[in-house]
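Here the protein sequences come in this chain order: L and W. First residue of the first sequence: 13, per this note's numbering; consecutive thereafter. First residue of the second sequence: 3, per this note's numbering; consecutive thereafter. Where is the CB? At the ideal position from N, CA and C, for every residue including glycine.
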Amino acid sequence: MKAVFGLAAAVTLTFLVLPVLAIFLQVSPATLLHELGDPVARDALVVSVRTTLIAQALIVVFGTPTAYLLATRRFRGRNVVLTFVELPLVLPPAVAGIGLLAAFGRMGLLPAGVAFTQTAVVLAVTFVAAPFYVRTAIASFEGVDPQLVAAARTLGAGPWRVFGRVALPLAAGGLGAGLALSFARGLGEFGATIMFAGSLQRVTETLPLAIYAEFARSFDVALAIGALLVAFSFILLLVVKWLRFGWTSPFRFVPSTSA
Amino acid sequence: MKFLAIFAAASLTGVFPQIDHAPRYQFAGSDQLAFQITQGAPADVFAAASPKYPEQLYAQRLCSKPAVFATNTVVLIVPRANPAGIRSVYDLRRSGIKLVIGAKGVPIGDYTRKLLANLGLSDVLQNVVYGEADAGFVYRTDVKPVGAKVFRIGVPAAGQPTVQYEMCIPTTAKHPALAAAFMREVLSKRGRTTLRDAGFGLP
């Protein structure tokens, strides 16, 4: 049995690692760095950083109170609400794209005139990335010992103080992990963005869209952007593990999930 | 600083930045670009690979009167190794050939269907696959960048559809005066030379 399982693990790891490794092995690190100086890559980096940061700010400001409420209140239909919060996690991005157009497009329910602008990128990223934060935040708030909250209340702390001085600090690790996950997902957003925001250089063309725009024209630039995103994502996932479980010895048995 | 937003057909990806490298470009299928403009996307110039979409926008009063600025031809390409041994468009009738063509609604897809109909070859559409293929229809101007990897096979003139590129200034344009200047640049002597060097025909 050991041999069979070992073989399966080897196949799995090889298959998962190979495409990532291939990005770095196709061209030299010097070429990768050089290609990142390409105007298309530089412009896309600026658009990505800007839109992702705005989206993350929105997600934290609106998502944290939402998660706290959903974690601490029990009400009829709570499961339905939670399902709606989680839905974008499993929705195909194309569905998100067409939905955003149907909601905010010129012929949409709320014709805000934001389709195919940078605001549209922010909305698309927020829509697909928010559940990663909110879901993790709900779990973190649920993990706060209710006795500590009750103790704080009996000692005279008001609800704001309980939230700010007890619940928030105790949930901080999980909130950070959720933020890192939603940041990673937002940075990689592609499908909803290209449908709802298009791919205009310096305005709506994010790093993943730039890979798509460049891969037939200049494979090396596309590879360089890919390498950058791999590095980003790797670091973010490490941060998530650290925030949730702390740095641990490689031989200690710890839950190893990020999600 | 003012930047023009130029929405242009994917087949103009190589040539437009040669004419003017300053604007922000979005290269995509003309149908998708037209859709974005109907949705209010702030495009200063719309340059399409067919008259269809600019004329539609014009009819809806969504852009200025379109002007023809280039022409193109449709060619058949095969990989250099030519695994299926294709020598002419009529070889596409053989069964088992794997052919790729543009989607319906995208100009190159519509032109290809027209070309096949003109030659009485519409039944080869049954050989269309998605993925790695033995042959495919593209614009003449698409061949140059990948010239080392493919062979070009000419198409009988009788089958050739009229491929005209038209451009116009959408009503969503933020810089219509600069957009007009860009259009003049494309139509100028230098613009025309650049287009011709890239393999385009001139109206």
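With 16 other Cβ atoms within 10 Å as the buried cut-off, status of residue i
{"i": "T166 of chain L", "result": "exposed"}
{"i": "S90 of chain W", "result": "exposed"}
{"i": "P158 of chain L", "result": "exposed"}
{"i": "P262 of chain L", "result": "Low confidence applies here, because P262 of chain L scores a pLDDT of 49, under 50, leaving its location unreliable; read the following figure in that light. Answer is exposed; the Cβ neighbour count stays below 16."}
{"i": "I247 of chain L", "result": "exposed"}
{"i": "N91 of chain L", "result": "exposed"}
{"i": "S124 of chain W", "result": "exposed"}
{"i": "D199 of chain W", "result": "exposed"}
{"i": "A43 of chain W", "result": "buried"}
{"i": "P181 of chain L", "result": "exposed"}
{"i": "E187 of chain W", "result": "exposed"}
{"i": "P158 of chain W", "result": "exposed"}
{"i": "A272 of chain L", "result": "The structure shown does not extend to residue 272 of chain L, since chain L is modelled only from 13 to 271, so the question has no answer here."}
{"i": "T24 of chain L", "result": "exposed"}
{"i": "M13 of chain L", "result": "exposed"}
{"i": "E201 of chain L", "result": "buried"}
{"i": "E134 of chain W", "result": "exposed"}
Length of the line joining the Cα atoms of residue i and residue j
{"i": "A160 of chain W", "j": "P205 of chain W", "result": "19 Å"}
{"i": "V242 of chain L", "j": "L59 of chain W", "result": "41 Å"}
{"i": "A271 of chain L", "j": "V161 of chain L", "result": "Residue placement at A271 of chain L is poorly supported in this model, since its pLDDT is 47, which falls under 50; the coordinates still yield a value, given next. Near 26 Å, if we compare the C-alpha coordinates of V161 of chain L and A271 of chain L."}
{"i": "F184 of chain W", "j": "G176 of chain L", "result": "56 Å"}
{"i": "T205 of chain L", "j": "R192 of chain W", "result": "36 Å"}
{"i": "R96 of chain W", "j": "P85 of chain W", "result": "13 Å"}
{"i": "I8 of chain W", "j": "E217 of chain L", "result": "14 Å"}
{"i": "G238 of chain L", "j": "R214 of chain L", "result": "18 Å"}
{"i": "Y92 of chain W", "j": "G156 of chain W", "result": "11 Å"}
{"i": "A286 of chain L", "j": "P178 of chain W", "result": "Not covered by the structure: residue 286 of chain L. The range shown for chain L is 13 to 271."}
{"i": "L240 of chain L", "j": "A119 of chain W", "result": "47 Å"}
{"i": "P41 of chain L", "j": "R26 of chain W", "result": "29 Å"}
{"i": "Y132 of chain W", "j": "S52 of chain W", "result": "24 Å"}
{"i": "T75 of chain W", "j": "F27 of chain L", "result": "43 Å"}
{"i": "A289 of chain L", "j": "L45 of chain L", "result": "Past the boundaries of the shown model lies residue 289 of chain L; chain L is included only from 13 to 271, so the question cannot be answered."}
{"i": "A36 of chain W", "j": "P19 of chain W", "result": "20 Å"}
{"i": "A11 of chain W", "j": "Y167 of chain W", "result": "9 Å"}
{"i": "P143 of chain L", "j": "R88 of chain L", "result": "21 Å"}
{"i": "F139 of chain L", "j": "F244 of chain L", "result": "21 Å"}
{"i": "P68 of chain W", "j": "L101 of chain L", "result": "43 Å"}
{"i": "A196 of chain L", "j": "A30 of chain W", "result": "27 Å"}
{"i": "R118 of chain L", "j": "L37 of chain L", "result": "45 Å"}
{"i": "A22 of chain L", "j": "P31 of chain L", "result": "15 Å"}
{"i": "S60 of chain L", "j": "I66 of chain L", "result": "10 Å"}
{"i": "G125 of chain L", "j": "T95 of chain L", "result": "29 Å"}
Beta bridge counterpart(s) of residue i as assigned by DSSP
{"i": "L78 of chain W", "result": "W:F139, W:I155"}
{"i": "P172 of chain W", "result": "W:C65"}
{"i": "T73 of chain W", "result": "W:Q166, W:G203"}
{"i": "I8 of chain W", "result": "W:Y27, W:V47"}
{"i": "L101 of chain W", "result": "W:V130, W:A137"}
Segment limits, beta strand (DSSP E) that includes residue i
{"i": "F202 of chain L", "result": "Note, F202 of chain L: premise wrong, no beta strand (DSSP E); not H, not E."}
{"i": "V215 of chain L", "result": "No beta strand (DSSP E) contains V215 of chain L, which DSSP labels as neither H nor E."}
{"i": "R26 of chain W", "result": "26–30"}
Host alpha helix (DSSP H) of residue i (start-end)
{"i": "F27 of chain L", "result": "14–38"}
{"i": "I110 of chain L", "result": "105–116"}
{"i": "Y113 of chain W", "result": "109–120"}
{"i": "I88 of chain W", "result": "Taken as a continuous stretch (DSSP letters only), I88 of chain W belongs to no alpha helix (DSSP H), as it is neither H nor E."}
{"i": "V72 of chain L", "result": "51–84"}
{"i": "H46 of chain L", "result": "41–47"}
{"i": "F184 of chain W", "result": "178–189"}
{"i": "T129 of chain L", "result": "Neither: T129 of chain L is in no alpha helix (DSSP H) and is coded neither H nor E."}
{"i": "T95 of chain L", "result": "90–102"}
{"i": "P147 of chain W", "result": "Careful: P147 of chain W lies outside any alpha helix (DSSP H) and carries neither H nor E."}
{"i": "L160 of chain L", "result": "158–166"}
{"i": "F18 of chain W", "result": "18–21"}
{"i": "R177 of chain L", "result": "That residue, R177 of chain L, is in no alpha helix (DSSP H); it is neither H nor E in DSSP."}
The region 198–220 of chain L: which residues have C-beta closer than 7 Å to a C-beta of chain W, in chain order?
-> G210, S211, L212, Q213, R214, V215
Along the region 110–139 of chain W, what residues have a CB closer than 7 Å to any CB found in chain L?
-> none
Pull out every residue of the region 75–88 of chain L whose Cβ sits closer than 7 Å to any Cβ of chain W, in chain order.
-> none
In chain order, what residues of the region 123–152 of chain L put their CB closer than 8 Å to some CB of chain W?
-> G125, A127, F128, T129
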